[in-house]
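In order, the protein sequences belong to chains A and B.
In this text, residue positions in the first sequence follow the numbering used here: the first is 1, and each later residue adds one.
In this text, residue positions in the second sequence follow the numbering used here: the first is 1001, and each later residue adds one.
Heads up, the beta-carbon is just placed ideally off N, CA and C, and yes, glycines get one too.
These numbers were taken from a predicted model, which means no experiment stands behind them.
Protein chains: 2
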Amino acid sequence: EQVVVSGVAYDKKQARITIHGVPDRPGIAALLFTAIANENIVVDMIVQNISIEGTITDISFTVPKTDISKAMEVSKKIAKELKAAEVLLNEDIAKISVVGVGMRTHSGVAAKIFKILSENNINIMMISTSEIKVSCIVDLKYTELAVRVLHDAFELNKI
Amino acid sequence: EQVVVSGVAYDKKQARITIHGVPDRPGIAALLFTAIANENIVVDMIVQNISIEGTITDISFTVPKTDISKAMEVSKKIAKELKAAEVLLNEDIAKISVVGVGMRTHSGVAAKIFKILSENNINIMMISTSEIKVSCIVDLKYTELAVRVLHDAFELNKI
Ligand SMILES: C[C@@H](O)[C@H](N)C(=O)O
Ligand SMILES: C[C@@H](O)[C@H](N)C(=O)O
């Protein structure tokens, strides 16, 4: 299947919240996101990696910057309930997404995206992918640079 | 925007590899996935959360079970190069995905998915979401149960 990267999108209006050190047992994700949903907070990205020793892990999610205080209030309350280590906030982020078809069959596309960003000294804070999209969270200040270098790399300026 | 969950999919043919303790600086993701791509290994999901103190983080990704030995060989080589703590493999996983439209605007859908799984004692090992899909990695043995209870919860049996 031919890989076709069709676009690069960015979102500068999100903030990232991480609950660090949540127990890795059933019910935790449900507890957190039910509380968030009950405040009518829109969640864009949710990223959770494995717990290394089967005990604790981190859950990160992004919300609109306008919902930060409500989301932090909920998160801190849940974190306390779960005896999580801490709640971390980063407002200075951008979500950079590269969209395409056939991206799954070519891990070379993800590698190319990561390479372009690294060549421009842009650190990748979070990664989340699907068959049609690779999303990276980077520092807000690199938004325009990231979009431009990816656009150029995938020749999206030429129609 | 009305949320419509249109389907539940599962993939039992993936295995998960995690490189635990990689440096969080530009070039790391590129190095790993370029090496993986050079072996023509198809990567489905990539999940990376933030580094808590800005130093080290974990990168997880899934590959077809048929590519495990090649992928582990590459991963161990890269991990050694990066002085990462360890490389972890889990073959007994299933990716459960709930697909829909309008899911982003309703964090209640993700919460419901997590709730259904937890009510059935299914631990969620990894989470990765996009606007149209919530993907959870669970233990392989729960595949059929997870699909059935999600199907029922979202009334996908009735046409
Ligand atoms: C960490 C969190 O995802 C937990 N494993 C749960 O199932 O809710
Ligand atoms: C950890 C890894 O993603 C690293 N931050 C990079 O940019 O390559």
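Measuring CA to CA, which of A:149, A:74, A:129 and A:103 is closest to residue 18 of chain A? Taking the first residue of the first sequence as position 1, residue 18 of chain A is located at position 18. Selected option, being the one with the closest Cα: A:74.
Closer than 8 Å by beta-carbon distance: list the chain A residues that pair up with residue 1020 of chain B, in chain order. Taking the second sequence and counting its residues from 1, one reaches residue 1020 of chain B at position 20. In chain order: 52.
Under 9 Å from the C-beta of residue 1058 of chain B: neighbouring residues of chain A: The residue labelled residue 1058 of chain B in the question sits at position 58 within the second sequence. One finds 49, 50 and 52 in chain A with Cβ atoms closer than 9 Å to the Cβ of residue 1058 of chain B, taken in chain order.
Going by C-alpha to C-alpha distance, which of A:123, A:124 and A:97 sits closest to residue 131 of chain A? As a working note, residue 131 of chain A is residue 131 in the first sequence. Of the candidates A:123, A:124 and A:97, the residue whose Cα lies closest to the Cα of residue 131 of chain A is A:97.
Is residue 123 of chain A near ligand 2 - that is, is its Cβ less than 6 Å away from at least one heavy atom of it? Your numbering for residue 123 of chain A matches position 123 in the first sequence. Checking the Cβ of residue 123 of chain A against ligand 2 gives yes.
Suppose the cutoff is 7 Å on Cβ atoms and the five residues either side in sequence are ignored; what does the same chain contact list for residue 100 of chain A look like? Position 100 of the first sequence holds residue 100 of chain A. Leaving aside the five residues that flank residue 100 of chain A on each side, the residues in its chain whose CB is nearer than 7 Å to its CB run, in chain order, 3, 4, 5, 6, 109 and 132.
Which same chain residues, not among the five before or five after residue 154 of chain A, have their C-beta less than 6 Å away from its C-beta? Locating residue 154 of chain A in the first sequence gives position 154, where the first residue counts as 1. Sequence-distant partners of residue 154 of chain A (beyond 5 residues in either direction) whose C-beta falls short of 6 Å from its own C-beta, in its chain, are 5.
What's the call for residue 1089 of chain B, buried or exposed, on a 16-neighbour Cβ count within 10 Å? Along the second sequence, read from residue 1 onward, the residue named residue 1089 of chain B stands at position 89. Answer is exposed; the Cβ neighbour count stays below 16.
Quick one: grab the DSSP three-state call for residue 154 of chain A. Working through the first sequence from its first residue, we reach residue 154 of chain A at position 154. Residue 154 of chain A falls in the coil class under three-state DSSP.
Using only the heavy atoms of ligand 2, determine whether one of them is closer than 6 Å to the beta carbon of residue 55 of chain A. Here residue 55 of chain A refers to the residue found at position 55 when the first sequence is read from its first residue. Annotation for residue 55 of chain A indicates a beta carbon at 6 Å or more from all heavy atoms of ligand 2.
Cutoff 7 Å; reference residue 45 of chain A; Cβ partners in own chain excluding five residues on either side: Along the first sequence, read from residue 1 onward, the residue named residue 45 of chain A stands at position 45. Cβ neighbours of residue 45 of chain A beyond the five flanking positions: 61, 62, 95, 128 and 135.
Look up residue 43 of chain A in the DSSP assignment and say whether it is helix, strand or coil. The count along the first sequence starts at 1 and reaches residue 43 of chain A at position 43. Assigned with DSSP and collapsed to three states, residue 43 of chain A falls in coil, not helix or strand.
Return the CA-CA distance between residue 1142 of chain B and residue 148 of chain A, expressed in angstroms with no decimal places. Your numbering for residue 1142 of chain B matches position 142 in the second sequence. Your numbering for residue 148 of chain A matches position 148 in the first sequence. Spanning the two alpha carbons is a distance of roughly 43 Å.
Check whether the segment 111 to 128 of chain A and the segment 1023 to 1034 of chain B touch, using three or more Cβ-Cβ pairs below 8 Å as the test. They touch, by the three-pair rule.
The segment 113 to 135 of chain A: which residues have C-beta closer than 9 Å to a C-beta of chain B, in chain order? Listed in sequence order: 113, 114, 115, 116, 117, 118, 119, 120, 121, 122, 123, 124, 125, 126, 127, 128, 129, 130, 131, 132, 133, 134 and 135.
Where does the unbroken alpha helix (DSSP H) through residue 72 of chain A begin, and where does it stop? Working through the first sequence from its first residue, we reach residue 72 of chain A at position 72. Counting along the chain, the alpha helix (DSSP H) containing residue 72 of chain A begins and ends at 68 to 81.
Bridge partners of residue 1100 of chain B, per DSSP? Position 100 of the second sequence, counted from the start, is the residue given in the question as residue 1100 of chain B. In the DSSP output, where bridge partners are listed per residue, residue 1100 of chain B has B:1005.
Quick check: residue 1050 of chain B and residue 103 of chain A, are their CB atoms within less than 7 Å of each other? The sequence position of residue 1050 of chain B within the second sequence is 50, counting from 1. The sequence position of residue 103 of chain A within the first sequence is 103, counting from 1. No. Outside cutoff.
Closer than 7 Å by C-beta to residue 140 of chain A: which residues in its own chain qualify, once you throw out the five before and the five after it? Chain order, please. Looking up residue 140 of chain A in the first sequence gives position 140. So the qualifying residues of the chain are 12, 92, 93 and 94.
Who are the neighbours of residue 1034 of chain B on chain A, taking C-beta pairs under 7 Å? By one-based count along the second sequence, residue 1034 of chain B stands at place 34. In chain order: 111 and 115.
With a 10 Å radius around its C-beta and 16 neighbouring C-beta atoms as the bar for buried, classify residue 1054 of chain B as buried or exposed. Here residue 1054 of chain B is taken as the residue at index 54 of the second sequence, counted from 1. Here residue 1054 of chain B is exposed. Its C-beta has fewer than 16 other C-beta atoms within 10 Å.
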